[in-house]
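Last residue of the sequence shown? That's 412 in the working numbering, and every number before it is there in order. Ideal Cβ placement from N, Cα and C applies to all residues, glycine included. Since the model is a prediction, treat every value here as computed from it, not as a measurement.
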Amino acid sequence: METIQKLKENAAIFLPENGLEEKLNLAKKENRKLIIKLGFDPTAPDLHLGHAVVLKKLKQFQDLGHQIVIVVGSFTARIGDPTGKNKSRKPLSIEEVQHNAETYISQLSKIIDVEKAKIVFNSEWLDELPFSEVIQIMSNVTVAQLMHRNDFNKRFSENTPIAMHELVYPILQGFDSVKINADIEMGGTDQLFNCTMGRQLQESFKLSGQIVMCMPLLKGLDGKEKMSKSLHNTIGLIDEPNEMFGKTMSIPDALILEFLELTTNFSFEEKEEIKKRLEKENPMDIKKLIAKNIISQYHNQNEAEQAEQFFINQFQSKNAASKSFIPVSISSLENQTNKMTLINLCAFIKNDITKSANRRLIESGAVQINNEKIINPNELILLEKETKIKIGKRNFYELQ
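What follows is the structure in C-alpha cells.
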C-alpha cells in the first residue's frame with residue numbers, strides 16, 4: 013500500500029482510476045516487470061525541470077524493478093506534432109532529430125539509469141509500415157474521437173486550418189504503445205489525449221490496454237505558462253549551478269509551493285516543515301532552500317553551497333569587491349576605434365541569445381554600464397579597461 017501511495021504522489025491523472033493497482037497486481041501474479049512507456053519527440057535539444065517531473069516518477073518505477081521504455085519519436089518528429097495551440101509544430105530533418113535525440117538521452121542519465129532503460133526509435137517500425145497498413149490502423153479511430161482533442165476542437169470551431177498530418181500524428185504515437193506492448197504510459201497532462209489513443213489502439217489489436225498516468229505541468233519562470241524552451245522560461249537540467257540558482261530565485265512567490273512539490277527531493281516531513289516556515293519567513297529564504305536542493309540533484313551539494321554564496325555576493329551584498337565579473341578582452345572585440353554601439357557590444361558578449369533579444373534587454377532597462385542604466389541600443393560605449401557591464405539579472409562582465 014505504501015508503494016502505491018508513493019507512486020501516486022503528485023500524479024494528476026490516472027485512467028482508469030484503479031488501473032495502477034491492477035497492473036501492479038498483474039505483474040506480481042505473472043512474475044514479470046511492467047513495461048512503462050515514455051515517448052518524446054526530440055524537438056529541442058535540452059531537457060528542463062518540467063521534463064524532470066515525469067522522469068522522476070519513471071525513476072520510482074525503475075527503482076522497483078520495472079522496465080522503462082523510452083520511445084524516441086524519430087519518425088513522428090519528422091511529421092510535426094500539433095502543439096496544443098493554433099498551429100502545428102515545425103517538422104524536423106533527420107539530422108536535427110538525431111542530434112536532439114542524442115542530447116536528450118545523455119541528459120536522461122541525470123535522473124534515470126539509462127543502462128537499465130530500453131531506448132527505442134519509432135522510425136524502426138513506422139518507416140517500415142506500408143501505406144495500406146497505415147490506413148488499416150487509422151480505421152480504428154473515428155473523426156469524432158479525434159475532435160475530442162481540445163486544440164483540434166477549438167481550431168475547428170474557430171475555422172482555423174487543421175492539416176491531415178496533425179490528425180494522423182496521435183494515431184501513430186498511439187501505435188507505439190501497440191508495438192512495445194506498454195502496461196503504463198507516462199506523460200504530462202497535455203499528453204492525455206495521445207496517451208489514451210495508445211490505450212484505444214492496444215484494445216483494437218486485442219491487447220490489454222495500458223493505463224495512462226499523467227503528471228502536472230510545471231509552470232515556468234514567468235509563473236503563467238508551462239515550462240517550455242519555446243517560451244524561454246526554463247531551468248535546464250544542464251544549466252550551470254549559478255544559473256540554476258539565479259533562475260530559481262527569480263520565480264514568483266506564488267510558485268514556491270509548486271516548485272517545492274514538483275522539483276525537490278525533500279522528504280514528506282521536510283516539505284511539511286518548509287511549508288510551515290513559509291508562513292512566517294521571508295519567501296526568499298525558502299527559495300534558497302529549493303534552489304540548493306535542485307542543484308544538489310543535478311550537480312552536487314558543494315556546488316549548491318557555492319552557488320548560494322555567489323548569489324549573495326552578486327545580488328545581495330553591497331560590497332562591489334565581492335561581485336564576480338566575467339572578463340572580456342577588448343582586443344577580442346575586433347574594433348578599429350575605441351568605441352562600439354551598446355547593441356553590438358551586448359551581442360558580442362551575450363552571444364547565446366539573439367541580437368533582437370539583446371536589444372529588448374537594453375530597451376527594457378536591463379543593461380547597465382558602470383552601474384548606469386542605458387536604454388539606447390545605438391549609444392556609443394567607450395571601450396576602456398575595467399568598464400563593468402551588466403546584462404540582464406545575472407550576467408556581469410568587465411572589459412580588460
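Exercise. Check each candidate in Pro-28, Ile-387, Val-65, Glu-237 and name the one with the smallest Cα separation from Pro-264.
Key: For Pro-264, the closest C-alpha among the options Pro-28, Ile-387, Val-65, Glu-237 is that of Glu-237.
Self-check item: Which of helix, strand or coil DSSP assigns to His-111
Solution: Looking at His-111 - three-state DSSP - the assignment turns out to be helix.
Practice problem: Quick one: using the 10 Å Cβ neighbour count with 16 as the cut-off for buried, is Ser-242 buried or exposed? | Solution: Exposed is the call here.
Quiz item: Per DSSP, what kind of secondary structure is Lys-49 in: helix, strand or coil?
Solution: Here Lys-49 sits in strand by DSSP.
Self-check item: Burial state of Ser-86 (16 or more Cβ within 10 Å)
Solution: By the neighbour-count definition (other C-beta atoms within 10 Å, threshold 16), Ser-86 is a buried residue.
Quiz prompt | For Ser-376 and Glu-140, the rounded distance between their alpha carbons | solution = Straight-line Cα distance between these residues: approximately 52 Å.
Quiz item: In this structure, does DSSP put Ile-263 in helix, strand or coil?
Solution: Coil, per DSSP.
Quiz item: Assuming Ala-129 and Ile-82 make a contact with CB atoms under 8 Å, what is their CB distance in whole Å?
Solution: With 8 Å as the limit, Ala-129 and Ile-82 qualify as a contact, their Cβ atoms being about 6 Å apart.
Quiz item: Looking only at DSSP bridge pairs, what is Phe-26 linked to?
Solution: Answer by DSSP bridge pairing, in chain order: Met-225.
Quiz item: Taking the alpha carbon of Ile-123 as the point to measure from, which residue in Ile-387, His-63, Leu-354 has its own alpha carbon closest?
Solution: For Ile-123, the closest C-alpha among the options Ile-387, His-63, Leu-354 is that of His-63.
Quiz item: Measuring CB to CB, does Ile-91 end up less than 7 Å from Tyr-181?
Solution: Between Ile-91 and Tyr-181, the C-beta spacing is below 7 Å.
Practice problem: State buried or exposed for Lys-69, treating a residue as buried only when at least 16 other CB atoms are found within 10 Å of its CB. | Solution: Buried, because 16 or more other Cβ atoms sit within 10 Å of the Cβ of Lys-69.
Quiz item: How many Å lie between Leu-274 and Gln-148 at the Cα?
Solution: In a straight line, the C-alpha of Leu-274 is about 41 Å away from that of Gln-148.
Quiz item: If you run the structure through DSSP and keep just helix, strand and coil, what is Lys-405?
Solution: Residue state, collapsed to three classes: coil.
Practice problem: From the DSSP output, in three-state form, read off Asn-98 for me. | Solution: The predicted position of Asn-98 is uncertain, since its pLDDT is 44 and thus under 50; a value taken from the coordinates is nonetheless stated next. The answer is coil: DSSP assigns Asn-98 none of H, G, I, E or B.
Quiz item: To the nearest whole angstrom, what separates the beta carbons of Val-224 and Leu-249, a pair I think is in contact under 8 Å?
Solution: That pair is no contact at about 25 Å.
Quiz prompt | Host alpha helix (DSSP H) of Gly-232 (start-end) | solution = Element bounds for Gly-232: n/a, residue is neither H nor E.
Quiz item: In whole angstroms, what is the alpha-carbon distance linking Asn-98 and Arg-167?
Solution: In this predicted model, Asn-98 has a pLDDT of only 44, less than 50, meaning its place in the structure is not dependable; the value taken from the coordinates is given anyway. Taking the straight line joining both Cα atoms gives about 6 Å.
Quiz item: To which residues does DSSP link Pro-339 through a beta bridge?
Solution: Answer by DSSP bridge pairing, in chain order: Glu-410.
Quiz prompt | Nonlocal neighbours in the same chain, by C-beta distance under 7 Å from Asn-370, ignoring five residues either side | solution = Cβ within range, chain order: Ile-355, Cys-358, Ala-359, Lys-362.
Practice problem: Express the C-alpha separation of Ser-240 and Ile-336 in angstroms, rounding to a whole number. | Solution: Strictly speaking, residue 336 in this sequence is Ser, with Ile absent from that position. CA-to-CA, the gap between Ser-336 and Ser-240 works out to about 30 Å.
Quiz item: With 16 as the cutoff for other CB atoms within 10 Å, does Gln-412 come out buried or exposed?
Solution: Counting the other CB atoms within 10 Å of its CB gives Gln-412 a total below 16, which places it among the exposed residues.
Exercise. Compute the beta-carbon to beta-carbon distance between Ala-23 and Met-261, rounded to the nearest angstrom, for a pair I have assumed lies under 8 Å.
Key: Beta-carbon to beta-carbon, Ala-23 and Met-261 are separated by about 28 Å, too far to satisfy the 8 Å threshold.
Exercise. Could you pull the start and end residues of the alpha helix (DSSP H) that Val-153 belongs to?
Key: For Val-153, there is no enclosing alpha helix (DSSP H), since its DSSP letter is neither H nor E.
Quiz item: Relative to the alpha-carbon of His-78, which residue among Val-84, Pro-253, Asp-58, Lys-45 has its alpha-carbon at the smallest distance?
Solution: Cα-wise, what sits closest to His-78 is Lys-45.
Self-check item: Distance, Leu-233 Cα to Asn-254 Cα
Solution: Taking the Cα positions, Asn-254 is about 16 Å away from Leu-233.
Exercise. Sort Lys-18, Leu-27, Arg-289, Ser-189 by Cα distance to Asp-75 and report the nearest one.
Key: Comparing Cα positions, the closest option is Lys-18.
Self-check item: Cα-Cα separation, Leu-138 to Met-256
Solution: Our two residues, Leu-138 and Met-256, have alpha carbons roughly 38 Å apart in a direct line.
Quiz item: What is the residue span of the alpha helix (DSSP H) that Val-126 lies within?
Solution: No alpha helix (DSSP H) holds Val-126; DSSP gives it neither H nor E.
Quiz item: Could you give the distance in angstroms between the alpha-carbon of Ile-302 and the alpha-carbon of Thr-276?
Solution: Each residue's alpha carbon lies about 7 Å from the other.
Quiz item: What does DSSP give as the partner residues of Leu-3 in its beta bridges?
Solution: No statement about residue 3 is possible, as the shown extent of the chain runs from 13 to 412 and does not include it.
Self-check item: Simplified DSSP assignment, three categories, for Leu-272
Solution: In the structure shown, Leu-272 falls within a helical segment according to DSSP collapsed to helix, strand and coil.
Quiz item: Can you name the start and end residues of the alpha helix (DSSP H) that Met-296 belongs to?
Solution: Its alpha helix (DSSP H) spans residues 295–310.
Practice problem: Excluding the 5 residues preceding and the 5 following Val-132 in the sequence, name in chain order all residues of the same chain whose CB lies nearer than 6 Å to its CB. | Solution: Closer than 6 Å at Cβ, skipping near neighbours: Val-83.
Quiz item: Between which two residues does the alpha helix (DSSP H) carrying Gln-185 extend?
Solution: Its alpha helix (DSSP H) spans residues 176–192.
Quiz item: In chain order, what residues of the same chain have a beta carbon less than 8 Å from the beta carbon of Leu-267, not counting five sequence neighbours either side?
Solution: The beta carbon of Leu-267 is closer than 8 Å to those of Lys-231, Gly-235 in its chain, skipping five residues each way along the sequence.
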